[in-house]
Amino acid sequence: MSGEVKTDGLPLSPLGTAAGPEPELLCIFGTGDLGRSLGQRLLQTGYRVVYGSRRPHSCGPVPQGAQVQPMVQSRCVIFNCFSIASSSLPVLMGFYYQVLVDLSNNLKKDIYPEANAVYLQRLVPGAAVVKGLNTLSAWTLQNGPLAGKQVFLCGDSAEAKQAVSDVATRLSLSVVDRGSLSAARELEDFPLRLFPEWRLPLRVALGLTAFFFFYLLIRDVIYAYVEKGNDISFRIMVSLANKVFPIVSLIMLSLCYLPGVLASFFQLYRGTKYRCFPDWLDRWMLCRKQLGLVALGFAFLHAIYTFIIPIRYAVRHKLISLVMKNNKSTPFDFDKTEAWATDSFYVMGILGFFLYVLLGLSSLPSVGSALSWREFTFIQSKLGHLTLVICTVHGYIYGWNKFLRPSTYKWWTPPGYMLCLVVPSIVLVLKLLLLLPCVDRTVTRIRQGWERTEPGEERDEIKATNL
Amino acid sequence: MSGEVKTDGLPLSPLGTAAGPEPELLCIFGTGDLGRSLGQRLLQTGYRVVYGSRRPHSCGPVPQGAQVQPMVQSRCVIFNCFSIASSSLPVLMGFYYQVLVDLSNNLKKDIYPEANAVYLQRLVPGAAVVKGLNTLSAWTLQNGPLAGKQVFLCGDSAEAKQAVSDVATRLSLSVVDRGSLSAARELEDFPLRLFPEWRLPLRVALGLTAFFFFYLLIRDVIYAYVEKGNDISFRIMVSLANKVFPIVSLIMLSLCYLPGVLASFFQLYRGTKYRCFPDWLDRWMLCRKQLGLVALGFAFLHAIYTFIIPIRYAVRHKLISLVMKNNKSTPFDFDKTEAWATDSFYVMGILGFFLYVLLGLSSLPSVGSALSWREFTFIQSKLGHLTLVICTVHGYIYGWNKFLRPSTYKWWTPPGYMLCLVVPSIVLVLKLLLLLPCVDRTVTRIRQGWERTEPGEERDEIKATNL
Amino acid sequence: MSGEVKTDGLPLSPLGTAAGPEPELLCIFGTGDLGRSLGQRLLQTGYRVVYGSRRPHSCGPVPQGAQVQPMVQSRCVIFNCFSIASSSLPVLMGFYYQVLVDLSNNLKKDIYPEANAVYLQRLVPGAAVVKGLNTLSAWTLQNGPLAGKQVFLCGDSAEAKQAVSDVATRLSLSVVDRGSLSAARELEDFPLRLFPEWRLPLRVALGLTAFFFFYLLIRDVIYAYVEKGNDISFRIMVSLANKVFPIVSLIMLSLCYLPGVLASFFQLYRGTKYRCFPDWLDRWMLCRKQLGLVALGFAFLHAIYTFIIPIRYAVRHKLISLVMKNNKSTPFDFDKTEAWATDSFYVMGILGFFLYVLLGLSSLPSVGSALSWREFTFIQSKLGHLTLVICTVHGYIYGWNKFLRPSTYKWWTPPGYMLCLVVPSIVLVLKLLLLLPCVDRTVTRIRQGWERTEPGEERDEIKATNL
């Protein structure tokens with residue numbers, strides 16, 4: 009091949025030709041951790057980066073390849089990485105109409121009367137302020153793969169948002185537009201949120217745990233002390249906890265499937281799917297995944313607590329005492345029914361736990377996103393209800409020969425496992441009702457957009473859904 | 009900074025300037041769940057959205073910011089979110105040459121003689137129909153992060169596909185072009201598939217489980233009943249299951265490594281890697297990951313079944329009976345060989361399970377994609393074969409002192425663990441053969457593109473691969 | 009709608025119009041696995057693909073839709089998928105100024121004096137060589153979703169890099185620019201790396217395991233043999249290992265939190281966060297995640313080893329012997345303190361393991377990327393230190409009544425659990441010091457950019473960080 013270079017012919021890329029060989033220029037205010045990390049990434053992605061600083065010679069280290077200027081010299085997108093709006097900002101920005109992206113966050117909620125970005129817009133009225141990218145941290149920019157990370161934008165100028173969105177897309181970020189600058193406050197609260205969707209499930213779990221702990225403490229430990237003078241308080245640590253955990257786990261699992269059943273009954277009653285559910289049901293449905301994961305956590309604890317039973321001091325002591333007492337008395341008969349019952353009990357527990365773990369795995373983001381809609385529904389609905397059935401049976405077998413004994417009802421209170429079977433049983437009965445062919449058909453038709461028409465009402469003939 | 013706004017200077021972004029400050033317009037037919045969710049997302053991403061409806065005032069709620077029009081007023085990309093092709097479609101589409109994206113799906117396979125998209129193309133011959141995005145569900149569009157989700161397109165017009173692809177890319181979706189509109193049928197079947205790649209492994213698992221269950225039922229339970237009159241049917245629940253699970257798990261793990269070994273022998277025999285493998289081997293190799301994960305599931309069940317052994321009624325009873333019988337007789341001697349053997353047996357099982365779990369973790373999509381090719385190969389090949397070796401040794405130790413006893417061969421049948429060691433042993437022997445230096449060298453050369461040349465045959469001198 | 013087609017009106021897409029309906033042309037050299045898989049993907053993404061081969065009729069199969077040409081006929085981006093630089097390359101490239109992407113990798117490190125891409129650039133001086141995409145394997149291109157996979161580019165021509173980057177972005181890849189062609193060597197080493205960040209943690213784990221194994225071997229097994237003539241070597245397999253694993257796990261968990269504490273003290277001492285940490289501390293901090301995951305692996309082994317304790321032959325034998333010996337002697341009294349202590353010990357272990365698993369789950373890429381910065385910090389710092397506290401307490405309870413007995417100090421050496429508590433105790437004491445209000449306030453201010461000013465030193469008034 010000759011060394012001759014032809015520059016005519018097809019352009020290499022429309023973008024490349026439009027902007028010339030010179031890469032686009034971006035400006036960053038602030039040489040803190042965030043500013044430096046952002047600059048580093050932008051340089052790696054192929055942009056030119058300039059830092060704005062009024063004292064270019066004492067502003068700390070900037071990434072290799074970036075320059076420092078006392079004032080922005082040309083029109084470009086500016087990233088404000090100062091944590092506070094500085095009075096030097098208008099000077100730094102120079103005389104061009106700029107796009108100013110505000111990445112700042114607050115340390116606490118509601119410490120300022122207005123959003124930082126709104127304040128900034130008042131400070132530099134000639135700029136198009138875009139709030140956004142503020143969920144990125146210096147650490148993520150330095151270490152993590154950004155690909156697919158969701159960032160939010162808001163601002164009053166569509167053109168400015170488009171410009172920022174282009175930069176974010178080049179960084180492989182996934183951009184969501186949240187509307188006008190009035191949404192800035194909401195965006196500034198994003199990095200401060202601490203598991204908002206986990207709060208309700210965790211509170212429910214805490215409440216149930218506390219209730220059943222004290223209920224069983226009274227029934228088991230205090231009852232034994234008051235009525236028989238036995239101090240069995242050592243049981244609190246393992247035996248009692250191992251009764252509370254499965255109870256809470258089973259109730260939370262059924263609470264995870266109850267709202268879906270309730271929603272179906274709402275739709276049946278109203279005869280349409282186009283009316284909103286009550287607010288509490290909506291919130292409940294949105295935290296089903298978290299309810300299920302908390303339930304899985306309790307089931308996991310229950311499993312481990314069960315595995316260590318035989319190495320506990322108290323259990324070994326009981327076994328040895330039993331042997332020493334029974335020594336010469338009547339032979340210790342093998343009860344086949346007991347063997348069948350306990351083994352079935354364990355098997356149900358194991359299978360339930362296995363399905364529980366499968367459900368948990370399928371709710372991992374990367375696993376879930378690889379499933380088709382039908383597969384996801386199959387796992388979360390069919391497999392989920394099967395898990396609930398198996399775990400409920402596990403509970404029923406536990407009490408199969410106890411519920412008729414008077415000794416079960418200490419102080420006229422039902423044992424914990426009976427209480428915990430109430431909610432799952434209701435959920436399963438309701439679900440069974442929904443599976444009746446006539447009910448099922450109506451629900452399916454409603455879900456496909458059909459409505460129970462009432463006289464004098466007319467609607468568009470096309471009711472469409474792809475769900 | 010003065011409030012003065014300069015609009016000359018560098019353009020903010022080529023796209024922004026080309027399309028003007030006005031964002032692109034998209035049209036959606038159908039205000040069902042899918043139509044509304046899609047519109048919501050498109051609005052968030054910065055598009056203008058118009059819903060097409062012949063009765064704009066009674067078509068149900070549309071997302072805030074979207075308009076409803078009785079007919080498409082300008083040229084734009086149209087998303088058909090009706091589940092059925094409506095006769096009003098041609099009217100709705102107006103008089104422009106439109107790109108019509110068909111998102112519809114069927115409720116079942118093969119209920120229509122032709123693909124929806126093909127029917128649509130006949131209905132509106134002037135439009136460029138693109139089938140695609142139909143794997144998106146209303147739920148995903150509302151809640152999930154779309155980033156990186158794979159969507160498929162097909163259509164006869166490259167220009168139309170490009171336009172749709174641009175929209176999908178803006179939504180952070182990952183687009184795969186599947187060719188002409190004749191592929192529409194295939195695309196419409198995607199959302200209906202239910203774990204197609206899991207079917208073969210699950211069937212193999214089911215078959216093996218059934219076979220070994222009945223085999224061991226006959227050998228253990230029925231044999232004891234017929235020959236000795238013992239009813240030990242209670243063992244079915246745990247003891248028998250805990251023999252079947254490890255057997256199936258080990259066989260499936262070896263089935264997971266067998267096709268790779270077979271493929272190497274095929275290549276050795278043929279002296280080239282450029283000839284296709286037989287069809288059955290190809291299909292087998294494609295479901296290796298699923299085979300391994302099903303094997304892990306069985307290993308997990310085996311582990312939990314083992315952990316609960318000591319709390320079983322039958323085991324406790326046996327222990328107590330043993331103590332009571334042995335009471336005054338000869339002292340119960342400690343057998344060091346037995347202690348070593350059983351402990352080694354357990355340790356091999358634990359290490360095998362640990363490696364199994366590591367393999368399973370590395371096949372999580374998000375973990376696997378973070379590995380380099382060499383790392384992935386290291387884990388799946390080196391670590392995988394190590395797991396197979398350890399699990400096979402676990403099996404051999406189990407039978408170390410039993411295979412010579414006549415009582416092992418009840419009714420002249422070999423015990424289950426012997427049967428299950430056949431396949432893994434074959435795989436390991438074949439793998440050892442492949443690791444012999446002379447064989448290994450030839451296989452490596454073949455994999456790098458070398459071919460055993462035969463007389464009169466000539467090929468391009470450059471055989472390249474980066475694998 | 010009339011069949012009439014209007015081609016005026018809004019363009020369908022700026023790109024589509026610029027390039028015309030004809031999709032962009034790309035060229036691939038090499039029809040090996042990599043070349044074919046890449047071509048397949050590019051065709052699916054909507055490009056036209058041509059293979060360059062000097063013998064078009066004998067170059068092996070190419071994907072359907074691709075052509076084979078003896079020389080590149082027009083200007084386009086060329087992908088070099090040969091594993092070796094062929095002398096026919098300059099001829100193949102034709103007479104245009106081309107962008108040549110070099111995807112080649114080496115089989116081993118440092119087998120050639122210069123990077124392949126640099127050699128290629130000398131071979132075809134008229135082309136703009138871009139090194140990159142070489143972390144893609146044929147397997148990934150065929151099977152995996154590419155979305156979000158990170159690829160690296162380097163090259164001397166910004167325009168050429170932009171062109172390649174555009175193709176990669178269309179393939180949903182996430183592109184990172186690594187600068188000029190001099191970085192090619194580094195890029196060529198990427199696919200050869202084998203868990204570089206895991207090396208240090210694994211070496212530490214191996215060292216600690218070996219040390220404690222031999223230490224406990226001497227103290228337990230050899231001591232018993234020498235002093236009492238007991239051969240208890242069978243304990244090596246399970247009992248000894250189950251002492252070594254928790255020790256190594258706890259030490260590694262504390263090593264995972266030590267560097268963070270040290271870094272705070274460094275910052276306190278220096279009064280600024282703008283000075284770099286010593287090199288060893290930086291490297292230590294970068295492998296904290298791996299340290300933690302290795303610690304989790306050991307904790308997992310410890311848990312399973314504990315679960316199988318009661319089914320071990322030695323343990324059953326000891327239990328039976330105990331019963332038979334104690335038979336008629338004094339009754340076996342129930343010690344409530346012992347019951348409380350052992351149960352607390354187990355509960356601490358279980359809770360610690362539970363939190364350990366939570367920490368491990370949150371370090372899965374897909375889970376971690378869904379967390380906000382504050383959530384991630386909460387889990388890794390608050391929950392992490394809580395885990396360390398609980399596991400340390402687990403260790404202390406183990407030795408609560410043993411540390412005063414002379415029999416504990418065999419051969420005047422402290423037992424293993426004492427040694428293993430040293431590092432975690434130090435970390436926790438240092439962390440407590442940092443939590444003192446006065447110290448905490450200073451550290452927080454330093455982290456927000458404040459510096460202990462020394463006379464004569466002046467810095468920019470704006471210290472900004474969003475961390």
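These protein sequence lines are chains A, B and C, in that order. In this text, residue positions in the first sequence follow my numbering: the first is 9, and each later residue adds one. In this text, residue positions in the second sequence follow my numbering: the first is 9, and each later residue adds one. In this text, residue positions in the third sequence follow my numbering: the first is 9, and each later residue adds one. Even glycine gets a Cβ: it sits at the ideal position worked out from N, Cα and C.
Under a criterion of Cβ atoms nearer than 7 Å, the residues of chain A adjacent to S374 of chain B are, in order, S374. With respect to the 8 Å criterion, F37 of chain A and G60 of chain A are classified as neighbours on the basis of their beta carbons. The segment 233 to 242 of chain C makes no contact with the segment 271 to 287 of chain C, as fewer than three CB pairs between them are under 8 Å. Taking C-alpha positions only, R453 of chain B is separated from T148 of chain C by approximately 22 Å. Three or more Cβ pairs closer than 8 Å define a contact, and the segment 191 to 199 of chain B falls short of that threshold against the segment 197 to 204 of chain A.
At a Cβ-Cβ threshold of 8 Å, A213 of chain B and K139 of chain B do not count as neighbours. Distance check between D287 of chain B and each of B:F274, B:L216, B:Y417 places B:F274 closest, using alpha-carbon atoms only. By the neighbour-count criterion, in which a residue is buried when 16 or more other Cβ atoms sit within 10 angstroms of its Cβ, V137 of chain C is buried. Assignment of A136 of chain A by DSSP, reduced to helix, strand and coil, places it in the strand class.
Taken through DSSP and simplified to helix, strand or coil, I36 of chain A comes out as strand.
Residue-level contact by beta carbon holds for A322 of chain C and chain B, with a gap shorter than 8 Å. Contact annotation: C162 of chain C and R186 of chain C have beta-carbon atoms nearer than 8 Å. Annotated three-state conformation of C399 of chain C is helix, per DSSP.
Straight across, the Cα-Cα distance linking R243 of chain A with R320 of chain A is about 11 Å. The Cβ atoms of H310 of chain B and F353 of chain B do not sit closer than 8 Å to each other. Interface annotation, Q52 of chain C: in contact with chain B, CB-CB separation under 8 Å. Excluding residues up to 5 positions away in sequence, V229, A232 lie with their Cβ nearer than 7 Å to the Cβ of I240 of chain C in the same chain.
One thing to note: V70 of chain A has its Cβ no nearer than 8 Å to the Cβ of C35 of chain A. Three or more Cβ pairs closer than 8 Å define a contact, and the segment 354 to 370 of chain A falls short of that threshold against the segment 259 to 273 of chain B. With its beta carbon less than 8 Å from one in chain C, S145 of chain A belongs to the interface. Against chain A, a Cβ distance below 8 Å from Y313 of chain B picks out I358. If only uninterrupted alpha helix (DSSP H) runs of at least 4 residues are considered, those enclosed by the segment 122 to 200 of chain B are 124 to 131, 146 to 151, 166 to 178, 192 to 197. Within the segment 179 to 210 of chain B, contact with chain A at the beta-carbon level (separation under 9 Å) is assigned to L179, S180, F198, P199, L200, R201, L202, F203. In terms of beta-carbon proximity, H325 of chain B lines the interface with chain A, with at least one pair separated by less than 8 Å.
Measuring C-alpha to C-alpha distances from Q456 of chain C to each of C:I434, C:L276, C:V435 identifies C:L276 as the nearest. Legend: CB atoms of the segment 280 to 313 of chain A lying less than 7 Å from CB atoms of chain C belong to residues F308, L309, I312, Y313.
Distance from the CA atom of N142 of chain B to the CA atom of L42 of chain B, rounded to whole angstroms, is 10 Å. In the three-state DSSP reduction, D239 of chain C falls in the coil class, being neither helix nor strand. From the beta-carbon of V355 of chain B, the residues of chain C found nearer than 8 Å are M245, V246, A249. Taking a C-beta distance under 8 Å as the contact criterion, I119 of chain A and I312 of chain B do not qualify as a contact pair.
Here L108 of chain C is bridged, per DSSP, to C:I86, C:V137. Per the Cβ contact rule, the segment 421 to 428 of chain B is in contact with the segment 250 to 258 of chain B (3 or more Cβ pairs under 8 Å).
Counting only Cβ-Cβ distances below 7 Å, I317 of chain A has contacts in chain B at I319, in chain order. Q106 of chain A and R83 of chain A do touch by the CB rule: their CB atoms are close to 7 Å apart, below 8 Å. Of the candidates B:L128, B:Y55, B:I434, B:Y55 places its Cα closest to the Cα of K169 of chain A.
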